[in-house]
Amino acid sequence: MDPFNPLDPQLAIYPYPAYAALRAQDPVHMSALGAYVLTRHEDVSRLFADTDTFQHQYVTQQKLRAGPEVEAEPYFDYFRRMIFVSDNPAHRRLRTLMNKAFTLRRVRELRVHAERIAAELMEAKSKQRHMDFIEDFTYPFPLRVIGTVLGIPDSDHEVIGAHATALNPVLEFLPMSEEVKAKANEAVGILSEYFEALANARRADPTDDLFSAMVHAAEEGDVLSTDELIANAILLYVAGHETTAGGTGLALLSLHKHPDQWALLKERPELMPTAVEELLRYDTPGQGSARVATKPTTFGDTQIDAGSIILGCIGAANRDPEAYADPNTLNIERDFNQAPRPATWGGGAHLCLGRMLALQEFEVALSLLFQKYPTLEVEEESIAFRPTPLMRGLQTLRVSW
Ligand code: HEM
0 MDPFNPLDPQ LAIYPYPAYA ALRAQDPVHM SALGAYVLTR HEDVSRLFAD
50 TDTFQHQYVT QQKLRAGPEV EAEPYFDYFR RMIFVSDNPA HRRLRTLMNK
100 AFTLRRVREL RVHAERIAAE LMEAKSKQRH MDFIEDFTYP FPLRVIGTVL
150 GIPDSDHEVI GAHATALNPV LEFLPMSEEV KAKANEAVGI LSEYFEALAN
200 ARRADPTDDL FSAMVHAAEE GDVLSTDELI ANAILLYVAG HETTAGGTGL
250 ALLSLHKHPD QWALLKERPE LMPTAVEELL RYDTPGQGSA RVATKPTTFG
300 DTQIDAGSII LGCIGAANRD PEAYADPNTL NIERDFNQAP RPATWGGGAH
350 LCLGRMLALQ EFEVALSLLF QKYPTLEVEE ESIAFRPTPL MRGLQTLRVS
400 W
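In numbering that gives the first Met the number 0, the protein residues as written are 0 to 400.
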């Protein structure tokens with residue numbers, strides 16, 4: 000029997016037993032989707048690190064997923080220009096220019112804004128003393144932080160965030176219905192107009208936000224074109240909110256399921272940075288990313304032909320017993336100096352550009368909950384997962400205090 004069904008709804012709810020079976024029986028697995036699935040940490044790391052042998056080849060991948068007509072879709076025209084699906088030499092160029100804008104100093108300066116936004120979202124429910132943590136906190140929080148990063152006025156955050164959310168299904172491997180495609184096309188139409196106007200405004204009048212820095216980033220006379228600016232501003236929204244929202248909900252759920260770890264973190268807040276890495280290793284929102292083999296290669300004994308699609312299962316790599324002792328145990332004191340870097344943030348040249356920002360958001364959110372809402376409890380019966388296996392997260396998680 001096939002140990003892994005990529006269309007099994009259970010994968011979106013709790014994929015780890017299926018990954019463990021696959022890793023033990025067939026770690027380089029040809030799945031029913033026609034793509035190889037890798038579940039060992041070592042293999043997933045190589046998939047991300049070796050950018051000569053494994054590339055995104057986004058157009059090829061999307062044509063296989065959605066048919067050749069996908070190239071005519073307006074959303075596709077923007078997605079193909081995004082840094083996270085580009086290959087060298089285009090990727091190297093985009094990364095050099097975007098790195099100039101994404102500095103640690105800028106991320107650190109955002110901390111006070113993140114703290115203010117998190118506090119406001121919790122205080123909005125302070126009278127009723129309960130909320131749907133997903134709808135009322137985990138989604139609006141990173142959306143407003145990204146909006147602030149990009150220098151968007153507070154009044155526009157909600158509407159821009161709602162359009163960005165309509166683009167989430169484009170990142171999945173599941174087929175997109177005509178209705179979902181229409182919504183994605185409408186969203187890129189509105190977002191591209193918005194960011195084009197913003198790019199023009201920042202060109203004329205630079206400000207101190209990341210988008211302005213992207214507009215003015217230059218390397219040997221080379222700058223990002225308007226289409227690239229629009230596409231990558233949209234990407235920052237898409238990459239920066241769904242993962243962080245998913246991860247924040249999963250982190251709270253994991254702590255709820257491990258009261259000893261929750262108590263330990265409350266008692267020893269200095270463990271927070273390790274705890275956040277561990278929570279994201281234990282249950283990660285970005286469950287996988289795919290590449291195309293550019294030449295014949297092997298993983299273990301398995302021969303891979305050029306042109307094969309290969310999915311690196313990040314969630315499976317993070318629970319590989321060859322990489323982590325007791326991988327199914329949440330241990331916020333885990334010594335990451337004695338273990339390989341979790342695959343949570345990808346690796347190699349495409350290593351997540353927003354990881355420092357994301358880590359800071361997790362720290363801000365969890366610290367706020369511990370310090371100001373120490374009696375907060377999860378309502379067990381409210382726990383429901385989203386149906387999306389690659390972008391893992393919760394649909395509802397009610398909390399009260
Ligand atoms: C828990 C939160 C996050 C997780 C788990 C995460 C995960 C990842 C992963 C796995 C990749 C690599 C994908 C690949 O190689 O195919 C990636 C890339 C990227 N992420 Fe994140 N991410 C998170 C938050 C963010 C945030 C907050 C931002 C920005 C605001 C961001 C921006 C990016 C960008 C721009 C890339 C593409 C980098 C490149 O291709 O050079 N991410 N992320």
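Think of the CB as a built atom: it goes at the ideal place given N, C-alpha and C, for glycine as much as any other residue.
Keep in mind that this is a model prediction, so the values were computed, not measured.
heavy atom of the ligand HEM below 7 angstroms from residue i C-beta
i, result
"F78", "no"
"T147", "no"
"C351", "yes"
"P284", "yes"
"I12", "no"
"G246", "yes"
"H90", "yes"
"S288", "yes"
"T242", "yes"
"W400", "no"
"G392", "no"
"L164", "Looking at the sequence itself, residue 164 is Thr, so the reference to Leu does not match. Not under cutoff, so the answer is no."
"I151", "no"
"R354", "yes"
"A338", "no"
"R104", "no"
"L389", "no"
"G314", "no"
"R94", "yes"
"T374", "no"
"L32", "no"
"G188", "no"
When the options are compared against residue i, the one with the closest alpha-carbon
i, options, result
"A322", "E134, Y18, H257, R39", "R39"
"H162", "A181, V148, E177", "A181"
"A71", "L197, F83, V58", "V58"
"D207", "L170, D155, T147", "T147"
"I116", "T52, V363, S381", "V363"
"L375", "V27, M213, P388, L396", "L396"
"E114", "K124, L365, R385, E241", "L365"
"T401", "Y13, D49, D1, P2", "A question about residue 401 goes unanswered here, because the residues of the chain that appear run from 0 up to 400."
"L329", "A289, L254, H215", "L254"
"P404", "R110, F361, D76, H349", "Outside the modelled stretch of the chain, which goes from 0 to 400, sits residue 404, for which no answer is possible."
"F78", "A338, D319, G188", "G188"
"I313", "R45, E195, T50, N336", "R45"
"M271", "G285, L166, R333", "R333"
"L120", "R104, N98, V144, P8", "V144"
"E171", "L367, L310, A348", "L310"
"A34", "Y372, R385, Q9, S288", "S288"
"A123", "F140, L149, T343", "F140"
"G150", "Q127, Y138, E134, L109", "L109"
Terminal residues of the alpha helix (DSSP H) in which residue i lies
i, result
"H349", "Where H349 is concerned, there is no enclosing alpha helix (DSSP H), given that its DSSP letter is neither H nor E."
"I303", "From DSSP, I303 is part of no alpha helix (DSSP H) but of the beta strand (DSSP E) over 301 to 303."
"V43", "40 to 48"
"N98", "89 to 100"
"I12", "9 to 12"
"D1", "Careful: D1 lies outside any alpha helix (DSSP H) and carries neither H nor E."
"M121", "110 to 122"
"R22", "15 to 24"
"E266", "258 to 266"
"Y74", "73 to 78"
"L270", "That residue, L270, is in no alpha helix (DSSP H); it is neither H nor E in DSSP."
"K60", "The question names Lys, yet the displayed sequence has Gln at residue 60. Unbroken alpha helix (DSSP H) run through Q60: 57 to 65."
Cross-strand partners of residue i (DSSP beta bridge)
i, result
"D221", "E218"
"G33", "Per DSSP, none; premise fails for G33."
"T297", "Q302"
"M390", "G285"
"I309", "Y35, R290"
"V377", "V398"
"H240", "In DSSP, H240 forms no bridge with anything."
"A383", "T395"
"V84", "Paired residue(s): none; V84 is not in a bridge."
"F53", "A292"
"V27", "L37"
Delimiting residues of the beta strand (DSSP E) encompassing residue i
i, result
"R397", "397 to 399"
"I313", "Counting along the chain, I313 falls outside any beta strand (DSSP E), though it belongs to the alpha helix (DSSP H) covering 313 to 316."
"D131", "129 to 131"
8 angstroms Cβ cutoff, residue i in contact with chain C
i, result
"R92", "Of the protein chains in this structure there is only one, and it is not chain C."
Uninterrupted beta strand (DSSP E) stretches inside the region 137 to 167 (no shorter than 3 residues)
Within the region 137 to 167, no complete beta strand (DSSP E) run reaches 3 residues.
Please list the segments of the alpha helix (DSSP H) lying wholly inside the region 170 to 210, counting only runs of 4 or more residues, in order along the chain.
Listed in chain order, the alpha helix (DSSP H) elements of length 4 or more contained wholly in the region 170 to 210 are 177 to 203.
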